[in-house]
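Enquirer: Mind looking over this structure? Questions follow.
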Amino acid sequence: MEEARSVAQQIPLEHFLVLSAILFSLGVYGVLTRRNAVLIIMSVELMLNAAAINMIAFAAYTAPDRFIGMIFAIFIITIAAAEAGLALAIVLRLFRNQGTANVDEVDELKW
Amino acid sequence: MNMTDAWIIPLLPAGAFVLLLLVGAYLPRKGDFIAIAAMAAAFVAALLVVADFTDALAEHGAEFAGVSNSIEWIDIPDVLHIDLGIHVDGITIVMLVVVTFVALMVQVYSLGYMHGDSRYGWFYAILSFFAASMLALVLADNFLLLYFTWELVGLCSYLLIGHYNHLRSAAEASKKAFITTRIGDVGLLIAIILLFKATGTFNIQEIIHAAEAGEIRSEVLTASVVLLFLGAMGKSAQFPFHVWLPDAMEGPTPVSALIHAATMVVAGVYLVARTLPLFELVEGGPELVLAVGLMTTFISALLGLVMTDIKRVIAYSTLNSLGLMFVALGLGAPGAAMLYLFAHAFFKAMLFLDAGSVIHATEAQEVDKLGGLLRKMPITGVTFALGALSMAGVPVLAGFWAKDEILVAALDNHAVFALLCLTLPVTALYMARVFILTFLGTPKDEHAFEHAHESPPLMTAPLVLLGILTVVGGFVVFDGLGELMGFPGGIGQVIFLHEPHELHLDWNVILGSSALVIAGLVAGWYAYVVRPSVPAMAARALAPIHRLLVNKYYIDDIYQYLIDHVVLGVARLLSWFDRNVVNDTGINGPAETTNGLAYLAKFQQTGKLPNYALAMIVGVVALALVAFSLKG
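Protein sequence lines, in the order shown, are assigned to chains A and B.
Per our numbering, the very first residue in the first sequence carries number 3; after that it's consecutive.
Per our numbering, the very first residue in the second sequence carries number 396; after that it's consecutive.
In structure tokens form, the structure reads like this:
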């Protein structure tokens, strides 16, 4: 732990933030452009992980003695797992009902 | 029984009404005996109250101004305080005796007249309810109780006029009566509100005291007196509201006798007599009453000459009498008005009950189908003759004394006196006409005549009792009667103690009025017995006037025209405004606007997931930019 922190501190904080921003933007791009529901869920996972990296980076640089960032990261991973399970179940039902996982074809919630 | 216990009197028929309504259908004879027993008890109670009243008179003399007994009804401290109570004085005493006695007579008479009617129990229930409302009306010491009993008697009148509800004419007549009187009632209600706002009380005596002390602004007092009189005019069928009374004859004849001759229609006279001090405080107040009374008397006397329906002739004679009572009130002689009311109640109720007896026997009520009935129906005929003579004002009958009092009161006012003298022979003439055409001469309809028979004793007994009162009832004017009962003065003093009243016997007036009356009677005898061709000749010679009279001065037609074109026209306009402006624009407008906007807005919902995701992200980015720019 101590070692990891010292290693991390050799790299400036900005690098972590840029990495997380790239990862988040990729996720956003994926959510907006993908048509397959499963791929959209994977993109959302990317965004969640970008947020988790942010948390840990800030924690390591600003309050290294308290584990707030790490605890948040663990929560994010838990939620991501639950969300993936739920979302995949929804996609499964969607496919059963509509015969497709393409979100462009599922547009019944309109006027 | 004490005067302060007089509140029991209206409760007796009210109890009978409730009983008849709840269990009447299960009782033998539909419970009519309950109604009659309650009415008889009320009559006895009224006599006991009279006895107590005369005792009080003997004790206190002329200062005795009546007693009040009230309970607290509504009390909101510093805001509103209303007492509910009774006031017993001379006017109340007269009304109590008249209402209970005539109601009792009419209920006994109805045992025979209404026998076999399909709504017999209901008829008795409403008669009891009417008696209760009317008695409460005359006992009320405050305008609030007076107003709602005023409306209750109107309701009973409506229900009873429309008793034969399978007849369209009866239904129309009851509506006409109700709506016409309602117009006046609105005036009464506004007057009561105005007086309450000005004085903070509903108590009639307190309002009069306040007005006499000058605590009511004169404009307010003038307005409320005029509106009050509007209510009295509607109820007492004064011109121009008189049109409902002749039509009210569609009701059963006992109802006409009770409500439309003896009691309800004199409620207006009672109201004006009760509030006469207010009228006298207003400039032109008594003159207004006088003018309306004269107008009504005069136009109705002429109409009595041409009507062919026996009940309608008597109805117009009632209008004639009601007008006379208002003339007396306008002349500042309330004692004379109440005396006329007292006498009129008996002989007019009797005339109506006689007419009912004729209708019962012959099933005809047009004089064209009657005639020669005196031989077949002697009791009915003789009592009718007595009533007609009393109405005409033949000496020593009750109507004579009352009419004489009014003429004496009018002596100083030459124009009024002349007009009253003019109506005397006319009244005598049409009463002679209706008697002769009904009871003398040859039968005009053999079938009806063959069918005719004297009515059963249940119907003739009330006629005889009322007939006796018609003969002796007028003697109450003599001071000796008062002394016999233990107090000084005649009925004038009983009724109006504040200004001791003596019987005015003016021999010139007596002889002159009697001569006019007898001239009218002789003219009737000549025109309908000696030379029966005279009426037709007169009708031809005075064709325009005859047509005017037969059409009742076209007043009904004018009203019908006004209703059709003005009232309904305005109603159509308002209906258009309501439909188009209030409903379509005011109510539906906002709803339709919302609906239209929602229609336009709904197309943003595409249902496509990427669209929502894009919107969300654009929103987040926009918020982030705003946050940064605010911070920076």
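Think of the CB as a built atom: it goes at the ideal place given N, C-alpha and C, for glycine as much as any other residue.
Quick caveat: nothing in here was measured; it's all calculated off a predicted structure.
Please tell me whether residue 49 of chain A and residue 61 of chain A are closer than 8 Å, where the distance is taken between their beta carbons.
Expert: Not a contact, by the Cβ cut-off of 8 Å.
Enquirer: In terms of residue numbering, what span does the alpha helix (DSSP H) encompassing residue 749 of chain B cover?
Expert: 729-757 is the extent of the alpha helix (DSSP H) around residue 749 of chain B.
Enquirer: Should residue 958 of chain B be labelled buried (16 or more other beta-carbon atoms within 10 Å of its own) or exposed?
Expert: Exposed.
Enquirer: Using 8 Å as the threshold, is the C-beta distance between residue 823 of chain B and residue 916 of chain B below it?
Expert: yes
Enquirer: Identify which residue in B:684, B:492, B:854 has its Cα closest to the Cα of residue 751 of chain B.
Expert: Taking the Cα of residue 751 of chain B as reference, the smallest distance to any Cα among B:684, B:492, B:854 is reached at B:854.
Enquirer: Have a look at B:548, B:935, B:930 and flag the residue whose alpha-carbon is nearest the alpha-carbon of residue 630 of chain B.
Expert: That would be B:548, whose Cα lies nearest to the Cα of residue 630 of chain B.
Enquirer: Going along the chain, which residues of its own chain have a beta-carbon closer than 7 Å to the beta-carbon of residue 669 of chain B, five neighbours each way excluded?
Expert: 486, 599
Enquirer: Determine, for residue 989 of chain B, whether the minimum Cβ-Cβ distance to residues of chain A falls below 8 Å.
Expert: no
Enquirer: For residue 761 of chain B, which beta-bridge partners are listed by DSSP?
Expert: B:704
Enquirer: Note down, in chain order, every chain A residue with its Cβ under 7 Å from the Cβ of residue 1008 of chain B.
Expert: 33, 34
Enquirer: Ends of the beta strand (DSSP E) at residue 483 of chain B?
Expert: Residue 483 of chain B -> beta strand (DSSP E) spans 475-483.
Enquirer: Comparing the C-beta of residue 1014 of chain B with each C-beta of chain A, is any distance below 8 Å?
Expert: no
Enquirer: With a cut-off of 8 Å, does the C-beta of residue 1002 of chain B fall near any C-beta of chain A?
Expert: yes
Enquirer: Quick test of your reading: residue 923 of chain B and residue 770 of chain B, contact by CB under 8 Å. State the CB separation rounded to the nearest angstrom.
Expert: With 8 Å as the limit, residue 923 of chain B and residue 770 of chain B do not qualify as a contact, their Cβ atoms being about 17 Å apart.
Enquirer: If we define contact as Cβ-Cβ less than 8 Å, is residue 110 of chain A a contact residue for chain B?
Expert: yes
Enquirer: Starting from the N-terminal side, write out each stretch of the alpha helix (DSSP H) that is 4 residues or longer and does not extend beyond the segment 796-834 of chain B.
Expert: 809-834
Enquirer: Between the beta-carbon of residue 738 of chain B and the beta-carbon of residue 862 of chain B, is there less than 8 Å?
Expert: Here residue 738 of chain B is not near residue 862 of chain B, since their CB atoms are 8 Å or more apart.
Enquirer: Starting from residue 137 of chain A, trace the alpha helix (DSSP H) in both directions and tell me its first and last residue.
Expert: No answer is possible for residue 137 of chain A: the residues shown for chain A start at 3 and end at 113.
Enquirer: Less than 6 Å between C-beta atoms, sequence neighbours within five positions excluded: which residues of the same chain meet that for residue 626 of chain B?
Expert: 579, 580, 582, 583
Enquirer: Which residues does DSSP list as the beta-bridge partners of residue 621 of chain B?
Expert: DSSP links residue 621 of chain B through a beta bridge to no other residue.
Enquirer: Taking three-plus beta-carbon pairs below 8 Å as touching, is the segment 782-790 of chain B in contact with the segment 836-856 of chain B?
Expert: No, they do not touch.
Enquirer: At a Cβ cut of 7 Å, what residues of the segment 24-58 of chain A count as close to chain B, listed as they run along the chain?
Expert: 30, 33, 34
Enquirer: Can you find a CB in chain B that lies within less than 8 Å of the CB of residue 106 of chain A?
Expert: yes
Enquirer: Using a Cβ-Cβ cut-off of 7 Å (strictly less than) and excluding sequence neighbours within five positions of residue 611 of chain B, which residues of its own chain qualify?
Expert: 593, 594, 605.
Enquirer: Taking C-beta to C-beta, are residue 759 of chain B and residue 840 of chain B nearer than 8 Å?
Expert: yes
Enquirer: Starting from the C-beta of residue 745 of chain B, find all residues in its chain whose C-beta is less than 7 Å away, skip the five residues before and the five after it, and write them out in chain order.
Expert: 778, 782, 858, 861, 862, 865
Enquirer: Give a yes or no on whether the minimum CB-CB distance between residue 985 of chain B and chain A is below 8 Å.
Expert: By this cut-off, residue 985 of chain B is not an interface position.
Enquirer: Does the Cβ of residue 996 of chain B have 16 or more other Cβ atoms within 10 Å, making it buried, or fewer, making it exposed?
Expert: exposed
Enquirer: Just checking, does the segment 414-429 of chain B make contact with the segment 535-545 of chain B on the three C-beta pairs under 8 Å criterion?
Expert: no
Enquirer: Tell me, to the nearest whole angstrom, how far the beta carbon of residue 399 of chain B is from that of residue 438 of chain B; I am working on the premise that it is less than 8 Å.
Expert: Residue 399 of chain B to residue 438 of chain B, Cβ: 19 Å. No contact.
Enquirer: Do residue 638 of chain B and residue 703 of chain B have their C-beta atoms within less than 8 Å of each other?
Expert: Result no, Cβ atoms of residue 638 of chain B and residue 703 of chain B do not sit closer than 8 Å.
Enquirer: Can you tell me whether residue 56 of chain A is buried or exposed? The criterion is at least 16 other CB atoms within 10 Å of its CB, across all chains shown.
Expert: buried
Enquirer: Does the count of Cβ pairs from the segment 801-818 of chain B and the segment 466-480 of chain B closer than 8 Å reach three?
Expert: no
Enquirer: How long is the line joining the alpha carbons of residue 77 of chain A and residue 95 of chain A, rounded to whole angstroms?
Expert: About 27 Å.
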